[in-house]
């Protein structure tokens, strides 16, 4: 089967996009110039909304099994570094809710996440092609012509319908398109990030030392802080080293480099005084600096960029990887409809229009949070910890990304609440009203014919739109089913949510019973009928109040 979409870059963004496209029957190749999978924790926070994306893709069970919860943070009193000055509990675990089955963020190293996604891809017959580099590309109205450089030096020419660059901050695709990448690089705030094996340190906590004063004796020349965070493997810790003197030390030839095991251990002992802690293998370490940038558009013709290729940001709030995954999930269903010639190519332009406001808002929030935290770390780890606990509790609901929405999109339709000012923020609805463009929540339901269906998420999917009809009337339900017959085959599924205990026998659709009235309450159903159209990316595309509204919505989306 000929390749329709080439994805350059096999990080979480590219892997998510590839999985979603394959689920939709779109032929894909995914390449990565690195000969081996990346090593390192990097972004390790998976927000609840991202867990829902993984549920749609059928990989959530593996992600939950391979991840953990966030640990309490111990900040140590300096000098000495032994006595705990403060213990922070950044998260309080929530019980599953009717509308949010997975309400808690999970901790998982990026390398482990990539391995899970890659395994699922390979099981679908699409292994990551490693050691393959995108050398050049040109596009026409009909296709994109690329040159691929293989590990053996040979060149493969390839024509594809669409090219997507998920190839990171130094994206060859973005540079080849000549897209702007505006923002700032914080040159004075270099840090070391890496993974190291440690003995003598509890894995039940994350550990923080340092700031001005350094080790005992108060050596202000140290000016370093250390953050050791438990990783996925026993005894492995993700390490972050930063502070006012970190970048200066990197240029001092008289000291061992911080990105080596000896240099890291020497600096740790000097700063903390904790020589009782034993270090093993340094799996990897590299210098990192805050690079806060984004493009002003996510595509040019048949070529798209996603993830770090389109936006880079600080680690504050754990939003980067999660936003990147959602880039790919937003784009996939649109590519699928255009590939099948069910939607016009103009549908693809909505990728930029929907994601750009979200990423702009995210960068504003995370940059402010990072700048504040970093300034406090320069005063001391304790000061940063005190504020971090308060800040996380204040911003947690936004960081979970449940409120990310596309209310301002041209392809959503809300005939229940058609307010012109219904876009208070791309990152949080804030008004308590469920509108088109919002995340589609789950709800407890029961299917008399399928005991495995226990929540609305069990019947939503990433391969088509799901038309959810809230009605207690058979005639009304069948009218909707008949209206949907005019749409192309395979674009939609219809489910009817009716009263608990009620059976609708003469309706040619799946019938779900509302459990304890949760679905009606969550979806704010006050009109008979209420019809909610859920897009393949789990976003409400439309809320309409009669069958004719279905056609009005799909006129925005389909050819």
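Numbering (the numbering used here), first residue to last: 362 to 920.
Just so you know, even glycine gets a beta-carbon here, dropped at the ideal spot from N, CA and C.
For the beta strand (DSSP E) that contains residue i, what are its first and last residues?
| i | result |
| --- | --- |
| residue 820 | No beta strand (DSSP E) holds residue 820; DSSP gives it neither H nor E. |
| residue 518 | 516-521 |
| residue 393 | 389-393 |
| residue 836 | Unbroken run through residue 836 is the alpha helix (DSSP H), 835-845; no beta strand (DSSP E). |
| residue 588 | 586-591 |
| residue 619 | That residue, residue 619, is in no beta strand (DSSP E); it is neither H nor E in DSSP. |
| residue 903 | 901-905 |
| residue 436 | 434-437 |
Tell whether a beta-carbon distance below 8 Å holds between residue i and residue j.
| i | j | result |
| --- | --- | --- |
| residue 469 | residue 427 | yes |
| residue 364 | residue 521 | yes |
| residue 803 | residue 817 | yes |
| residue 913 | residue 774 | yes |
| residue 892 | residue 853 | no |
| residue 410 | residue 763 | yes |
| residue 464 | residue 448 | no |
| residue 845 | residue 911 | yes |
| residue 390 | residue 367 | yes |
| residue 397 | residue 480 | no |
| residue 842 | residue 867 | no |
In chain order, what residues of the same chain have a beta carbon less than 6 Å from the beta carbon of residue i, not counting five sequence neighbours either side?
| i | result |
| --- | --- |
| residue 438 | 444, 446 |
| residue 618 | 624 |
| residue 599 | 402, 556, 590, 592 |
| residue 669 | 529, 530 |
Just verifying my parser: in three-state terms, what is the DSSP assignment at residue i?
| i | result |
| --- | --- |
| residue 369 | strand |
| residue 501 | coil |
| residue 509 | strand |
| residue 933 | Nothing about residue 933 can be reported from this structure: the residues present for the chain run from 362 to 920 only. |
| residue 536 | helix |
| residue 891 | strand |
| residue 447 | strand |
| residue 719 | helix |
| residue 730 | helix |
| residue 711 | helix |
| residue 915 | helix |
| residue 467 | strand |
| residue 424 | helix |
| residue 574 | Only weak support is given to the placement of residue 574: the predicted model assigns it a pLDDT of 41, under 50, and the value that follows is read from those uncertain coordinates. It is coil, neither helix nor strand. |
| residue 853 | strand |
| residue 482 | helix |
| residue 793 | coil |
| residue 777 | coil |
| residue 815 | coil |
| residue 546 | strand |
| residue 491 | strand |
| residue 800 | strand |
| residue 580 | Here residue 580 scores only 43 on pLDDT, less than 50, and its place in the model should not be relied on; the value that follows carries that caveat. Residue 580: coil per DSSP, three-state reduction. |
| residue 401 | coil |
| residue 909 | helix |
So the alpha helix (DSSP H) residue i belongs to, where does it begin and stop?
| i | result |
| --- | --- |
| residue 622 | 622-633 |
| residue 683 | 681-700 |
| residue 829 | From DSSP, residue 829 is part of no alpha helix (DSSP H) but of the beta strand (DSSP E) over 826-831. |
| residue 948 | Not covered by the structure: residue 948. The range shown for the chain is 362 to 920. |
| residue 413 | 409-418 |
Which same chain residues, not among the five before or five after residue i, have their C-beta less than 8 Å away from its C-beta?
| i | result |
| --- | --- |
| residue 814 | 806, 807, 808, 820, 873 |
| residue 644 | 400, 401, 555, 556, 557, 558, 597 |
| residue 711 | 695, 770, 771, 772 |
| residue 920 | 702, 703, 704, 705 |
| residue 471 | 372, 373, 399, 401, 402, 403, 404, 405, 682 |
Using C-beta distances below 7 Å, list every residue in its chain close to residue i, excluding the 5 sequence neighbours before and after it, in chain order.
| i | result |
| --- | --- |
| residue 648 | 551, 553, 611, 620 |
| residue 662 | 500 |
| residue 431 | 451, 452, 466, 468 |
| residue 579 | Unreliable positioning characterises residue 579 in this predicted model, as indicated by a pLDDT of 41, which lies under 50. A coordinate reading is not provided. |
| residue 545 | 653 |
| residue 477 | 420, 423, 424, 427 |
| residue 577 | The predicted model places residue 577 with a pLDDT of 36, which falls under 50 and marks its position as unreliable, so this point remains unresolved. |
| residue 379 | 368, 389, 391, 482, 487 |
List the DSSP bridge partners of residue i.
| i | result |
| --- | --- |
| residue 874 | 807, 859 |
| residue 558 | 597 |
| residue 551 | Per DSSP, none; premise fails for residue 551. |
| residue 768 | According to DSSP, which records beta bridges pairwise, residue 768 is partnered with nothing at all. |
| residue 640 | 559 |
| residue 524 | 367, 664 |
| residue 673 | 654 |
| residue 647 | 554 |
| residue 531 | Per DSSP, none; premise fails for residue 531. |
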